[in-house]
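**Q**
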Amino acid sequence: MKIRHRRTLVRSAALAGALSLALAACSSGSDDGGGGSAVSSADAASDIQAALDKGGEITVWAWEPTLTDVVTDFEKKYPKVKVDLANVGTGQDQYTALQNALAAGDGIPDVAQIEYFAQSQFAIGKSLADLKQMGAGDLDGTFSPGPWNAVDQGGIVSGLPMDSGPMAMFYNADLFAKYDIDVPKTWDQYYEAAKKLHAADPKAYITSDNGDAGTSTSFIWQAGGHPYSVDGTDVKIDFSDEGSTKYATQWQKMIDEKLLSPVNGWTDEWFQGMSNGTIATLVTGAWMPANLESGAPDGKGKWRVAPMPQYSEGESVTAESGGSALSVMEASKNKELAYAFLKYATVDEGVQTRLDGGAFPATTKDLDSKEFLDKEFPYFGGQKINEVLSQAAKDVAPDWQYLPYQVYANSIYKDTVGKAYIDGSTSLADGLKAWQDASAKYGNEQGFSVNK
Amino acid sequence: MTTTSITTGRGLAGQPPPRGVRTRRTRRSWTGWKFVGPFMAVFTLVFLAPIAYSVYLSLFRTQLVGGTTFVGLDNYVAAFQDPQFWSGVARVGLFLLIQVPIMLGIALLVALAIDSGRLYGKNFFRISIFMPYAVPGVVAALMWGFMYGTRFGLIGNINDAFGTSIPDPITSSFVLAAIGNIVTWEFVGYNMLIFFAALRVVPHSLYEAAEIDGAGQWRIITAIKIPAIRGALVIATIFSIIGSFQLFNEPSILQSLSPNYITTYFTPNLYAYSLSFSGQQYNYAATVAIIMGLLTMLVAYVVQLRGMRKEA
Numbered sequence: 001m002k003i004r005h006r007r008t009l010v011r012s013a014a015l016a017g018a019l020s021l022a023l024a025a026c027s028s029g030s031d032d033g034g035g036g037s038a039v040s041s042a043d044a045a046s047d048i049q050a051a052l053d054k055g056g057e058i059t060v061w062a063w064e065p066t067l068t069d070v071v072t073d074f075e076k077k078y079p080k081v082k083v084d085l086a087n088v089g090t091g092q093d094q095y096t097a098l099q100n101a102l103a104a105g106d107g108i109p110d111v112a113q114i115e116y117f118a119q120s121q122f123a124i125g126k127s128l129a130d131l132k133q134m135g136a137g138d139l140d141g142t143f144s145p146g147p148w149n150a151v152d153q154g155g156i157v158s159g160l161p162m163d164s165g166p167m168a169m170f171y172n173a174d175l176f177a178k179y180d181i182d183v184p185k186t187w188d189q190y191y192e193a194a195k196k197l198h199a200a201d202p203k204a205y206i207t208s209d210n211g212d213a214g215t216s217t218s219f220i221w222q223a224g225g226h227p228y229s230v231d232g233t234d235v236k237i238d239f240s241d242e243g244s245t246k247y248a249t250q251w252q253k254m255i256d257e258k259l260l261s262p263v264n265g266w267t268d269e270w271f272q273g274m275s276n277g278t279i280a281t282l283v284t285g286a287w288m289p290a291n292l293e294s295g296a297p298d299g300k301g302k303w304r305v306a307p308m309p310q311y312s313e314g315e316s317v318t319a320e321s322g323g324s325a326l327s328v329m330e331a332s333k334n335k336e337l338a339y340a341f342l343k344y345a346t347v348d349e350g351v352q353t354r355l356d357g358g359a360f361p362a363t364t365k366d367l368d369s370k371e372f373l374d375k376e377f378p379y380f381g382g383q384k385i386n387e388v389l390s391q392a393a394k395d396v397a398p399d400w401q402y403l404p405y406q407v408y409a410n411s412i413y414k415d416t417v418g419k420a421y422i423d424g425s426t427s428l429a430d431g432l433k434a435w436q437d438a439s440a441k442y443g444n445e446q447g448f449s450v451n452k
Numbered sequence: 001m002t003t004t005s006i007t008t009g010r011g012l013a014g015q016p017p018p019r020g021v022r023t024r025r026t027r028r029s030w031t032g033w034k035f036v037g038p039f040m041a042v043f044t045l046v047f048l049a050p051i052a053y054s055v056y057l058s059l060f061r062t063q064l065v066g067g068t069t070f071v072g073l074d075n076y077v078a079a080f081q082d083p084q085f086w087s088g089v090a091r092v093g094l095f096l097l098i099q100v101p102i103m104l105g106i107a108l109l110v111a112l113a114i115d116s117g118r119l120y121g122k123n124f125f126r127i128s129i130f131m132p133y134a135v136p137g138v139v140a141a142l143m144w145g146f147m148y149g150t151r152f153g154l155i156g157n158i159n160d161a162f163g164t165s166i167p168d169p170i171t172s173s174f175v176l177a178a179i180g181n182i183v184t185w186e187f188v189g190y191n192m193l194i195f196f197a198a199l200r201v202v203p204h205s206l207y208e209a210a211e212i213d214g215a216g217q218w219r220i221i222t223a224i225k226i227p228a229i230r231g232a233l234v235i236a237t238i239f240s241i242i243g244s245f246q247l248f249n250e251p252s253i254l255q256s257l258s259p260n261y262i263t264t265y266f267t268p269n270l271y272a273y274s275l276s277f278s279g280q281q282y283n284y285a286a287t288v289a290i291i292m293g294l295l296t297m298l299v300a301y302v303v304q305l306r307g308m309r310k311e312a
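Chains as they are written, first to last, in this note's numbering: chain A, 1 to 452; chain B, 1 to 312.
#1: For a contact meaning CB atoms closer than 7 Å, what does Thr249/A contact in chain B?
#2: Thr318/A and Asp366/A: beta carbons closer than 8 Å?
#3: In chain B, which residues lie less than 8 Å from Ile124/A when you measure between Cβ atoms?
#4: Consult DSSP for Ser87/B and reduce its assignment to one of helix, strand or coil.
#5: By a C-beta neighbour count over all protein chains shown, 10 Å radius and 16 as the cutoff for buried, is Val450/A buried or exposed?
#6: Buried or exposed, going by whether 16 or more other CB atoms sit within 10 Å of the CB of Val288/B?
#7: Count Cβ pairs between the region 231–246 of chain A and the region 231–241 of chain B that sit closer than 8 Å; are there 3 or more?
#8: Where does Leu275/B land, buried or exposed, given buried means 16+ other C-beta within 10 angstroms?
#9: Given a cut-off of 8 Å on the beta-carbon distance, is the pair Leu337/A and Gly56/A in contact?
#10: If you measure from the beta carbon of Ser321/A to each beta carbon in chain B, is any gap under 8 Å?
#11: Report back the beta-carbon spacing between Ser439/A and Ser321/A to the nearest angstrom; my notes put them in contact at under 8 Å.
#12: Can you tell me whether Ala359/A is helix, strand or coil according to DSSP?
#13: Are Tyr405/A and Gln121/A close, meaning C-beta to C-beta below 8 Å?
#14: Return the chain-ordered list of same chain residues with a C-beta closer than 6 Å to the C-beta of Gly293/B, the five sequence neighbours on each side being excluded.
#15: Report the neighbours of Thr96/A on chain B: residues whose CB is nearer than 7 Å to its CB, in chain order.
#16: Which partner residues does Gly56/A have in the DSSP bridge list?
#17: Cβ atoms of Phe70/B and Phe60/B: under 8 Å apart, would you say?
#18: Answer yes or no: do Leu131/A and Tyr402/A have a C-beta to C-beta separation smaller than 8 Å?
#19: Any idea if Tyr120/B is buried or exposed, counting beta-carbon neighbours within 10 angstroms, 16 or more meaning buried?
#20: Taking only beta-carbon positions, decide if Arg151/B is within less than 8 Å of chain A.
#21: Would you say Ala25/A faces chain B, with C-beta separation under 8 Å as the test?
#22: Shorter than 8 Å from the beta carbon of Pro262/A to some beta carbon of chain B?
#23: So what does Asn172/A bridge to, in DSSP terms?
#24: Starting from Ala325/A, trace the beta strand (DSSP E) both ways and give me its first and last residue.
#25: Excluding five sequence neighbours on each side, which residues of the same chain lie with their C-beta closer than 7 Å to the C-beta of Leu142/B?
#26: If Trp221/A sits next to Ala397/A, beta carbons under 8 Å apart, how far is it from one beta carbon to the other, in whole angstroms?
#27: Strictly below 7 Å CB to CB, what residues from chain A border Pro167/B?
#28: How far does the alpha helix (DSSP H) with Asp415/A in it reach, from first residue to last?
#29: Once the 5 residues before and after Met162/A are set aside, which same chain residues still bring their CB inside 6 Å of it?
#30: Cα separation between Lys80/A and Ala50/A?
#31: Can you name the residues of chain B whose CB is closer than 8 Å to the CB of Ser411/A?
#32: Taking 8 Å as the threshold, find out whether the region 284–293 of chain A comes into contact with the region 61–76 of chain A through three or more Cβ pairs.
#33: Restricting to Cα atoms, I'd like to know which of Gln310/A, Thr267/A, Ala392/A and Asp356/A is closest to Gly224/A.
#34: For chain B, check one thing: does any of its Cβ atoms lie closer than 8 Å to the Cβ of Gly211/A?
#35: Within 7 Å: the Cβ of Gly159/A and any heavy atom of the ligand GDP?
#36: Examine chain A for any beta-carbon lying closer than 8 Å to the beta-carbon of Leu57/B, and answer yes or no.
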C-alpha cells in the first residue's frame, strides 16, 4: 500500500514535469538541489508549459543571425506565441541601447543576447532574471563548462548559453608547407615559426595583432592567470599573477621583434591577408570558420585547424573567446514565456536549427554528437575540424572570471595596453598595470570596492 | 558688427522709463511678450532646457552599485583634477594654435587671389576649393583615412613609386597633424568664401584711388583689403576656435583605423562621448561638456574683444 502510494506520486510528478530535466537529475541522485529543488522545478516546468499554452508576445534583442530561423520554428510550434526579434546592434551598440532602456525603465525587451564577458555587468545591476527560479539550475552539465561558468555566477543563473568560442589555432597550411615550417604546438614553437616565416617572406606574418582586449584576456585565461576575482562588490584586479606574466613575457617577444602584422582585425586588409598568405595563423574562437569562409574565400582549401599552442609541451589547456548567452530581463512581464523561448533556442529543437546555420554549440550533447564531429569542411580541405574544436571546448581552463564592468574596461584597453604596441612606448606588462589601475579607478567610482 | 548691435540693445534697455506712462508701458510689454512668445517657447525647449538639464545632471553621480546621489560640485572638482581631460584640452589647444592659422592663411591667400581678378578661370578655382566643404565630415575622414594607408592608400603608392618608407601618418605620432590636414582640406573653402564675400563689398574706387596714389598690390592688400575684412577674419577665427574645441568627427572615425594612437580621451568631446556611452558616466560627461562649453565661450570672447578693439 505504502509502496504503491509512492509510485503513484512519482508517476504523477513525472507526468506533470514531463518536459523537465529535473526528474532525471533527481532520480540519478545528483547532489545539488535534492527533493525541494525537484518539486519547484516541476512547478516551474508546468508554469512554463501553461505560459506556452496561454500564448502571448515577447520581444527579443539579438544580433545572432541564426535566431531568425529559430523564431520562425518556435512560432510554428506554439502558434499562440508571437516573438518580436529585433537587431538593435552588435555587442557594444546593443549594450548601450539596453543600458539606456534600463536607465529609462521603459522599452526593455523580454530577452536579450548578452556576451559572456558582459553577463556579470548586467547581473550585478539586477537587470537579469534569476533563471534558477524557472528550473535552470538543473541544466548544469547540459552546457560545456566555460559558458556555464559565465552565466552561473553570484548565486544566480543569469542566462542560457547560446554559443561558445573555445579557442583553437586556424592556420594556412600551404604557407607552412611552402617555407617548410612545422605547425607549432607550443608558444615557443609559435615564436620560432613566426621568426622563420617573417625571415623567409618579409611581408608575411604569423598573425596580426594590434592589441585587442578580448584576445589578451583569453590568452591570459589560457596561461592560467586569474587577473579578475569578483565576490559580490569586492573586486580584485591583478595583472601581475603568474599566468598574466607568462602571457606578457611570451607576447612581448612577438611585439619587440615585430613579428605581428599591424593590420587591424575585421578589416578588408585583414581578410585579404588571410587570402593572400600574409597572415599565417589566427588563434581565436570556434566561431571563426564561417567568417573565414565568407571573408577570405580565396583561402579555401589552404586553411586547417590545430589545437591552441600551449605554454608547455604535452599540455592541452584552452580558453574561451567570445560567445554569448540569452538572458531574461528582470523587467519582463512574461518571464515564463521568455524562459520557454530561451530553453527552446538553447537546449531543445532550436539548437539543431542554429547548428545548421553554422553556429558553434555550447551544449555538450551536440559537441559530442557523431554527426557534428564527423562533418567535413571543404574550406578546410575536408578536415573534420569539429573534432579539434569540440576537444578545445572540454579543455577550457576553469574558474575564469570577468569584471562586473568588463564592457567599460575593454573600451579603455587601447588607451593603456594599446600603448605597448607603439614602438618603445611601454611594455605589455606596464600596459596591463596601467589597465589595471584605470579599471580599478573606474570600479571604485562606480561603488565597487576594488583592490581594497 | 556684433558688438555694435549688442551695445545699442543694451543702451535702449538701460534707459529709465519715462514718468507717467507706467500703465501703458506694462500693457505694451505684455504685447511684446506675446510676439516673442513662440520664439521664447522654442528657445527654452531646444536651448535653455538641455543646458539646464546638463547642469542638473552634472550635480549628481550615478553608480553601478549604490544608485544616484547628489554630489554638488564634486564632478567639477574631479574634472579639474582629471589628467585625461586636460590632456585632451591641451591637444585641441595645440591643434588650435597650429592648424587654425595655417587654414585661415591659405583661405585668405586663395580669397585674395580670386578677388585680384588676375586669376584665369576663377570660378573653377572657387568651386573646386569650396567643394571639399560639401563632402560630409564623416566621409572625408574615412576617405583620408584610406588615403593615408600604407598598403592600399596614397602613401602606399608613393612608397612603392619612390622606394621611400613614409609611415602611415595616423598610426604614428603625426596623427594630430594628419587630422589637421583633413580639417584644413575640409574648411579652407568655407573660410575662403567668407573672406571672398567680404572682399566683394569693398568699393573698387578705393583700389583705384590707391593706385593713383602710387600704391602697389601688396600695399593695397595690407592697407585696404585686410583691414576692410577684419570683421570676417574675426568671425572665421571664432568659428575655427569653436570647431577646434569641438573636434570629434575626424578622431572618432579614424579611431577604428588607429586605436592605439587615438585614445578614448583624445579630444574633450570624444572623452565626453566615451564617458557617457561606454562608461555610463552621464553625470561626469555632462560636467566635461559644460566645462568645455564655458572654456570655448571664454576663448572666443577674448578673441572677439581683441579683434574688435582695433576696429573701434
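Even glycine gets a Cβ: it sits at the ideal position worked out from N, Cα and C.
These figures come from a predicted structure and were not determined experimentally.
**A** Taking the geometry as given:
#1: By Cβ distance, chain B contributes nothing, its closest Cβ being about 21 Å from Thr249/A, past 7 Å.
#2: no
#3: Leu64 and Val65
#4: helix
#5: buried
#6: buried
#7: no
#8: buried
#9: yes
#10: no
#11: Rounded, the Cβ-Cβ distance is 20 Å, inconsistent with contact.
#12: coil
#13: yes
#14: none
#15: Phe277
#16: Val81/A
#17: yes
#18: no
#19: exposed
#20: yes
#21: In this predicted model, Ala25/A has a pLDDT of only 35, less than 50, meaning its place in the structure is not dependable enough to derive any value.
#22: yes
#23: Trp303/A
#24: Ser324 to Val328
#25: Ile253
#26: 6 Å
#27: Chain A residues near Pro167/B: none, gap ~10 Å exceeds 7 Å.
#28: Tyr413 to Thr416
#29: Ser324, Ala325, Leu326 and Thr346
#30: 12 Å
#31: Thr264, Ser274, Ser278 and Gly279
#32: no
#33: Gln310/A
#34: yes
#35: Of the ligands one can find in the structure shown there are none, so the ligand GDP has no counterpart to examine.
#36: no
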